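Participant: Quick one: structure below, then a few questions.
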């Protein structure tokens, strides 16, 4: 569909309703997608702030951030530049940059009381994401793709351009004479997304973009069924202790269908992390195979320790920095690791006495 203010407002209203007086923030890279999103939202919400993240991964990034700020001034949109300071990684650069960007944006929203953060993910991004997850054999959770609406500690993360193609966004930018920067790393073949974009025509032949709505709908339906099964399992077979560890029935876990096992492990691994992406299915498959054989294993900062009839699930010590001491034994008559996570206190608990 053609992108203009009217169609965008219709798409947006079908997603959610936000009072026009609300204070909102928009993540802006300076590229065409986020600049177009800012231009559209600026016509709908007077109290808008553009958040420009300077990753400092390229020498020209700071110049581009200030150039973007000047261009936003032409829209009468105020902006803030958020800088990723400190040492930069030598590997997994894009993943680290993404995590840093999420932290900077969400921390700013939390500190300034902004409940709505918008990002400019579009239909082509959705296709790339689904293809990447398809290659990684993601389950139904991953194959739901990028969600148009999700919730974080600060409030709502909203992606209102997911039904628009990149070409439609570029058309809007051209019609409205919107200037933008091009990040050369977006087409760098050493990065997975860059490789996909350079080989788009070939990939589309065996993973057609036109099929993604069906893929997402099927994944959502499957996840609904699995969610029901996992929720019932947790209610009947998982004991969550106030000190932050869990005990679940080994026999009941082994009898779960594999998709439900995957979803259960995903829930556990993401319960104490801000990492927004599902764990790789290959790692979960390895963990479930180890647990079926009653072998101790770790994943996502959690330690899974099979016992005779149960599996003890506790946080790894290296996953937390702070440590406090509890001068008594827990009431449960089980052997516990020396360290468990206490979510209520957000610290490590180390028991001073031997645990029996």
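In the working numbering, the protein residues as written are 261 to 616. Each residue gets a CB set at the ideal place from its N, CA and C atoms; glycine is no exception. Just so it is clear, the structure is predicted and the values come from calculations on it, not from any experiment.
Count the other C-beta atoms from every protein chain shown that fall within 10 angstroms of the C-beta of residue 290, then say buried if there are 16 or more, exposed otherwise.
Facilitator: Looking at its Cβ environment, which holds 16 or more other Cβ atoms inside 10 Å, residue 290 is buried.
Participant: Ignoring anything shorter than 4 residues, give me the alpha helix (DSSP H) runs that lie fully in the stretch 275-351, in order along the chain.
Facilitator: Segments of the alpha helix (DSSP H) lying fully in the stretch 275-351: 292-302, 321-334.
Participant: Starting from the C-beta of residue 300, find all residues in its chain whose C-beta is less than 7 Å away, skip the five residues before and the five after it, and write them out in chain order.
Facilitator: 265, 268.
Participant: Between residue 489 and residue 522, what straight-line distance do the alpha-carbon atoms span, to the nearest angstrom?
Facilitator: C-alpha separation (whole angstroms): 12 Å.
Participant: Using the Cα positions of residue 356 and residue 362, report the straight-line distance between them to the nearest angstrom.
Facilitator: Computed Cα separation, rounded: 10 Å.
Participant: Going by CA-CA distance only, name the one from 422, 416, 351 that's closest to residue 285.
Facilitator: Of the listed residues, the one whose Cα sits closest to residue 285 is 416.
Participant: Using CA coordinates, which residue listed in 317, 337, 341 is at the minimum distance from residue 326?
Facilitator: Among 317, 337, 341, the Cα nearest to that of residue 326 is on 341.
Participant: Checking 8 Å against the spacing of the C-beta atoms, do residue 295 and residue 507 come in under that value?
Facilitator: No, Cβ-Cβ distance for residue 295 and residue 507 is not below 8 Å.
Participant: I'd like the list of long-range same chain contacts for residue 594, defined as Cβ closer than 6 Å, with 5 residues on each side in sequence excluded.
Facilitator: Only weak support exists for where residue 594 lies, its pLDDT of 42 falling under 50; the value from the coordinates is given anyway. Same-chain partners within the cutoff: there are none.
Participant: Give the DSSP-derived three-state secondary structure of residue 495 in the structure shown.
Facilitator: In this structure, residue 495 counts as helix in the three-state DSSP scheme.
Participant: Measure the beta-carbon distance from residue 282 to residue 305 and round it to whole angstroms, keeping in mind my assumption that it falls under 8 Å.
Facilitator: Yes, residue 282 and residue 305 are in contact; Cβ-Cβ is about 6 Å, under 8 Å.
Participant: Per DSSP, which residues does residue 575 bridge with? Please list them.
Facilitator: DSSP, once it has assigned bridges, lists 562 as partnering residue 575.
Participant: Excluding sequence positions up to five away, which residues of its chain have a Cβ less than 8 Å from the Cβ of residue 573?
Facilitator: The residues are 505, 506, 507, 508, 528, 562, 563, 564, 565.
Participant: Would you list the residues sitting across from residue 500 in a DSSP beta bridge?
Facilitator: Note: residue 500 sits in a beta bridge opposite 506.
Participant: Can you give, in chain order, each stretch of the alpha helix (DSSP H) that sits fully within the stretch 442-476 and has at least 4 residues?
Facilitator: 452-458, 460-466, all fully within the stretch 442-476.
Participant: In angstroms, rounded to a whole number, what distance separates the CA positions of residue 276 and residue 386?
Facilitator: Taking the straight line from one Cα to the other gives about 20 Å.
Participant: What did DSSP end up calling residue 416 once you bin it into helix, strand or coil?
Facilitator: Note: residue 416 maps to strand in three-state DSSP.
Participant: Got a sec? Which residues, its chain only, sit under 8 Å from residue 321 by beta carbon, not counting five neighbours each side?
Facilitator: Closer than 8 Å at the Cβ level, and outside the excluded window around residue 321, lie 314, 315.
Participant: Could you give the residue range of the beta strand (DSSP E) that holds residue 376?
Facilitator: That run of the beta strand (DSSP E) goes 376-378.
Participant: Closer than 7 Å by C-beta to residue 388: which residues in its own chain qualify, once you throw out the five before and the five after it? Chain order, please.
Facilitator: Excluding sequence neighbours, residue 388 sits near 453, 456.
Participant: Which partner residues does residue 570 have in the DSSP bridge list?
Facilitator: According to DSSP, residue 570 bridges with 509.
Participant: Contact between the stretch 466-482 and the stretch 375-382 is defined here as three or more beta-carbon pairs at a separation below 8 Å; is this criterion met?
Facilitator: No, because fewer than three Cβ pairs between the stretch 466-482 and the stretch 375-382 fall closer than 8 Å, the two stretches do not touch.
Participant: Label residue 331 either buried or exposed according to how many other C-beta atoms from any shown protein chain fall within 10 Å of its C-beta, with 16 as the threshold for buried.
Facilitator: Answer is buried; the Cβ neighbour count reaches 16.
Participant: DSSP state of residue 410, grouped into three classes?
Facilitator: Note: residue 410 maps to strand in three-state DSSP.
Participant: Buried or exposed: residue 560, going by 16 or more other Cβ atoms within 10 Å of its Cβ?
Facilitator: Buried.
Participant: Would you mind sorting residue 458 into buried or exposed? The rule is 16 or more other CB atoms within 10 Å of its CB.
Facilitator: Exposed: under 16 other Cβ atoms inside 10 Å.
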